[in-house]
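As structure tokens, the structure follows; a few thoughts come after it.
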Amino acid sequence: MSSTAETSASLADLEINIKKPGFFLRDDYFDILRRLRDEAPCYEAEDGVRLISRYEDIRWVGTDTEAFTSMAGTLVNDANVYAKASPPPRGSLLRRDPPEHSEYRNILNKRFTPRAVHQFHDRVRALICDILDAAPRDTEIDFIDHIAAEVPVAVLSELLGVGEGDRKDFRRWTDAMIERVDHPDDQVLEADRQELTAFLDDLVARRFDSPTDDLISMLTGVEICGHAMSPGELADLSRVLIVAGMETSRHLISGGVQALAAHPDQRARLAADSSLCVGAVEEIARWVTPVQAFARSAKHDLELAGEQVAAGDFLIMLYASGNRDERAFGPTAGEFDIARASTNRNVAFGYGQHVCLGQNLARMEVQTFFDELLVRYPRFEVSGPATYVPSTMVRGAETLPVVLEP
2 MSSTAETSAS
12 LADLEINIKK
22 PGFFLRDDYF
32 DILRRLRDEA
42 PCYEAEDGVR
52 LISRYEDIRW
62 VGTDTEAFTS
72 MAGTLVNDAN
82 VYAKASPPPR
92 GSLLRRDPPE
102 HSEYRNILNK
112 RFTPRAVHQF
122 HDRVRALICD
132 ILDAAPRDTE
142 IDFIDHIAAE
152 VPVAVLSELL
162 GVGEGDRKDF
172 RRWTDAMIER
182 VDHPDDQVLE
192 ADRQELTAFL
202 DDLVARRFDS
212 PTDDLISMLT
222 GVEICGHAMS
232 PGELADLSRV
242 LIVAGMETSR
252 HLISGGVQAL
262 AAHPDQRARL
272 AADSSLCVGA
282 VEEIARWVTP
292 VQAFARSAKH
302 DLELAGEQVA
312 AGDFLIMLYA
322 SGNRDERAFG
332 PTAGEFDIAR
342 ASTNRNVAFG
352 YGQHVCLGQN
362 LARMEVQTFF
372 DELLVRYPRF
382 EVSGPATYVP
392 STMVRGAETL
402 PVVLEP
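Position in the sequence shown (first residue = 1) + 1 = the numbering used here.
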């Protein structure tokens with residue numbers, strides 16, 4: 002038996018099933034990622050499905066649109082890959098390649114440049130302060146319900162021009178959209194999806210009739226690839242923005258709280274020196290990696306990490322593995338360090354054409370949150386274990402008991 006076969010057999014004994022919700026929650030998850038990086042960085046998990054685990058390979062797959070495509074599916078359990086889905090709606094960004102994808106992004110990027118996001122900073126800070134000041138203190142709370150889920154809801158509602166009375170359903174809707182990826186036949190989740198669709202259809206229709214100064218109004222009438230974006234396309238696009246924005250910020254905030262509570266020396270250092278917050282947010286993003294995996298398909302036969310990849314092979318980029326790759330982040334890649342010095346940028350927000358559209362907003366949002374949290378509660382305590390929803394997309398707490406202590 003060859004050394005490659007021996008390696009594959011030993012990894013096979015670990016029952017690596019990337020398509021099973023909850024794989025990211027295994028106790029040995031990060032050990033598996035390390036072994037994949039070291040032993041089989043382009044691991045064939047099943048026929049035609051490969052796991053890409055090294056930082057540089059992930060960046061290549063995410064960047065080279067001549068070699069890799071998003072159009073065949075981007076999610077681990079993407080129904081399109083397994084011949085269960087029709088082509089994506091025109092407003093979808095996830096399964097688009099250049100040049101069409103580039104046109105969507107060029108229009109949207111104008112609202113998410115660092116300069117544009119900075120103009121929104123004072124309002125974001127005010128929203129975060131209101132949420133923190135309203136949370137009960139000196140008693141155990143569910144940090145997700147009271148704070149982590151509330152912050153992105155408030156920020157996105159402001160950006161999209163959603164009234165405060167409509168915000169209460171956003172978490173339920175976004176949770177349903179994430180869970181539905183792995184459970185497409187669940188009728189409750191489908192009902193939630195339809196509620197969100199109806200809400201956005203109505204919101205977009207109102208903006209076409211009476212534009213305001215929000216993001217949706219800015220996109221009414223915009224031309225994409227020679228045609229004006231329709232209300233249906235804009236509603237589809239808005240749904241992607243809402244789900245992505247909610248999940249990324251929510252899990253960065255809750256995961257950052259968990260990481261800082263587990264490293265009280267670093268929490269104290271950050272509380273004493275707010276100038277460390279920019280770097281701390283990058284380390285939180287690297288450490289937490291809310292979205293664990295996205296995928297591309299090979300356009301043609303090629304070699305990747307020493308393995309022959311066939312045209313059509315589905316390549317799942319393991320972002321959390323890339324973010325702990327010693328080849329990119331040095332021998333301390335498996336440690337949490339808010340003062341980490343690295344020339345390599347983490348891949349928590351993806352990489353290449355499909356890098357997270359709202360990454361500048363998310364960074365500003367999370368940095369502002371920890372600035373304000375640590376001013377008020379430098380000794381906050383995680384008072385019990387978190388619970389998680391099994392997923393093939395995200396890894397983040399569903400509930401998290403916390404006591405806010407001054």
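All C-beta atoms, glycine included, are put in the ideal place defined by N, C-alpha and C.
Query - Coil, strand or helix - C357 by DSSP - result: DSSP, reduced to helix, strand and coil, places C357 outside both helices and strands of the structure shown, so it counts as coil.
Report task. Drop a sphere of 10 angstroms on the beta-carbon of N18, count the other beta-carbons inside from all chains shown, and report buried for 16 or more, exposed for fewer. Result -> Its Cβ having fewer than 16 others within 10 Å, N18 is exposed.
Report task. Can you tell me which of the three DSSP states D143 falls into? Result -> Strand.
Query raised in the report: Taking Cβ positions, are M230 and V223 nearer each other than 8 Å?
Result: In terms of Cβ geometry, M230 and V223 form a close pair [threshold 8 Å].
**Report entry** Secondary structure, beta strand (DSSP E): runs of 3+ residues fully inside the segment 35-64
**Finding:** As summarised for the segment 35-64, the continuous beta strand (DSSP E) elements at least 3 residues long and confined to that stretch are 43-47, 50-53, given in chain order.
Query raised in the report: Taking the C-alpha atoms as reference points, what is the distance between P379 and F144?
Result: In this structure, the straight-line span from the alpha carbon of P379 to that of F144 is close to 15 Å.
Query raised in the report: Rounded to whole angstroms, how far is the Cβ of D314 from the Cβ of R51, which I believe are closer than 8 Å?
Result: That belief holds up - the Cβ atoms of D314 and R51 are roughly 6 Å apart, short of 8 Å.
Query raised in the report: With V77 and I179 assumed to form a contact (beta carbons below 8 Å), what rounded beta-carbon distance in angstroms separates them?
Result: About 12 Å separates the two Cβ atoms, so there is no contact after all.
Requested in this report: For A363, I'd like the list of residues in its chain whose CB is within less than 6 Å of its CB, leaving aside the five on either flank, ordered along the chain.
Outcome: Closer than 6 Å at the Cβ level, and outside the excluded window around A363, lie T249, S250.
Report task. Would you check if the distance between the CB atom of L305 and the CB atom of I285 is smaller than 8 Å? Result -> No, the Cβ-Cβ distance between L305 and I285 is not below 8 Å.
Query raised in the report: Whose C-beta lies closer than 7 Å to the C-beta of F209 among residues of the same chain, with five residues either side of it excluded?
Result: Non-local beta-carbon contacts of F209 in its own chain, meaning distances under 7 Å to residues more than five positions away in sequence, involve T221, P232 in chain order.
Query raised in the report: Can you list, in chain order, the residues of its chain whose CB lies under 7 Å from that of R173, leaving out five sequence neighbours each side?
Result: Once the five neighbours on either side are set aside, the close Cβ partners of R173 are D193.
**Report entry** Three-state class that DSSP yields for V205 in the structure shown
**Finding:** Of the three classes helix, strand and coil, the one that applies to V205 here is helix, per DSSP.
Requested in this report: Quickly, what does DSSP pair S298 with across the bridge? List them, please.
Outcome: According to DSSP, which records beta bridges pairwise, S298 is partnered with T70, F315.
**Report entry** Rounded separation between V152 and G162 - CA only
**Finding:** In this structure, the alpha-carbon of V152 lies about 15 Å from that of G162.
Requested in this report: Could you tell me whether the Cβ of I254 comes closer than 8 Å to any Cβ of chain D?
Outcome: Of the chains in the structure shown, none is chain D; there is only one protein chain.
Query raised in the report: Just how far apart, CA to CA, sit L15 and D139?
Result: Approximately 43 Å between the Cα atoms of the pair.
Query - Buried/exposed call for Q259, threshold 16 Cβ in 10 Å - result: That one is buried.
Query raised in the report: Across which residues does DSSP place P402 in a beta bridge pair?
Result: Partner(s): D143.
Query raised in the report: Buried or exposed: where does D58 fall if 16 or more other Cβ atoms within 10 Å of its Cβ makes it buried?
Result: Buried.
Query raised in the report: Taking C-beta to C-beta, are A296 and G74 nearer than 8 Å?
Result: Going by C-beta atoms, A296 is nearer than 8 Å to G74.
Query raised in the report: Which residues in the same chain have their Cβ closer than 6 Å to the Cβ of R55, if we skip the five residues on either side of it in sequence?
Result: Taken in chain order, the residues that qualify are R38, P42, D326.
Report task. Could you tell me the distance, in whole angstroms, from the CA atom of A177 to the CA atom of L34? Result -> Each residue's Cα considered, the two are about 28 Å apart.
Query raised in the report: What number of angstroms, rounded off, separates the C-alpha of N345 from the C-alpha of D338?
Result: When rounded, the distance between both Cα atoms is 15 Å.
Query - Expected contact under 8 Å - CB spacing of G458 and G359 to nearest Å - result: Past the boundaries of the shown model lies residue 458; the chain is included only from 2 to 407, so the question cannot be answered.
Query - Buried or exposed by the 16-neighbour rule on C-beta atoms within 10 Å, applied to L26 - result: Its Cβ having fewer than 16 others within 10 Å, L26 is exposed.
Report task. For D266, count neighbouring Cβ atoms within 10 angstroms of its own Cβ and tell me buried if that reaches 16, exposed if not. Result -> It is exposed - the Cβ of D266 has fewer than 16 other Cβ atoms within 10 Å.
Query raised in the report: So, helix, strand or coil for A13, using DSSP?
Result: Reduced to three states, the DSSP call for A13 is helix.
Query raised in the report: How big is the Cα-Cα spacing for R91 and D202?
Result: Interpretation of R91 is limited by its pLDDT of 48, a score under 50 that renders its predicted location unreliable; the figure taken from the coordinates is listed afterwards. The straight-line gap from Cα to Cα measures roughly 15 Å.
Query raised in the report: At what residue ranges does the segment 110-170 contain a whole run of the beta strand (DSSP E), taking only runs of 3 or more?
Result: Within the segment 110-170, the complete beta strand (DSSP E) segments of 3 residues or longer fall at 141-143, listed in chain order.
Report task. Look up A281 in the DSSP assignment and give the residues it is bridged to. Result -> Beta-bridge pairing by DSSP links A281 to no other residue.
Query raised in the report: In angstroms, rounded to a whole number, what distance separates the CA positions of D29 and A349?
Result: Between the alpha carbons of D29 and A349 lies a gap of roughly 20 Å.
Query raised in the report: Just reading off the beta strand (DSSP E) that E234 is part of, what are its end residues?
Result: Per DSSP, E234 is not a residue of any beta strand (DSSP E); the alpha helix (DSSP H) it occupies stretches across 232-263.
Query - Beta-carbon contacts of T290 that lie in its chain and below 6 Å, excluding the five residues immediately before and after - result: Close CB contacts of T290 within its chain, under the 6 Å cut and outside five residues either way in sequence, are with Y320, A321, N324, A349 (chain order).
Report task. Per DSSP, which residues does E308 bridge with? Please list them. Result -> L305.
**Report entry** N- and C-terminal bounds of the alpha helix (DSSP H) containing M219
**Finding:** Its alpha helix (DSSP H) spans residues 216-220.
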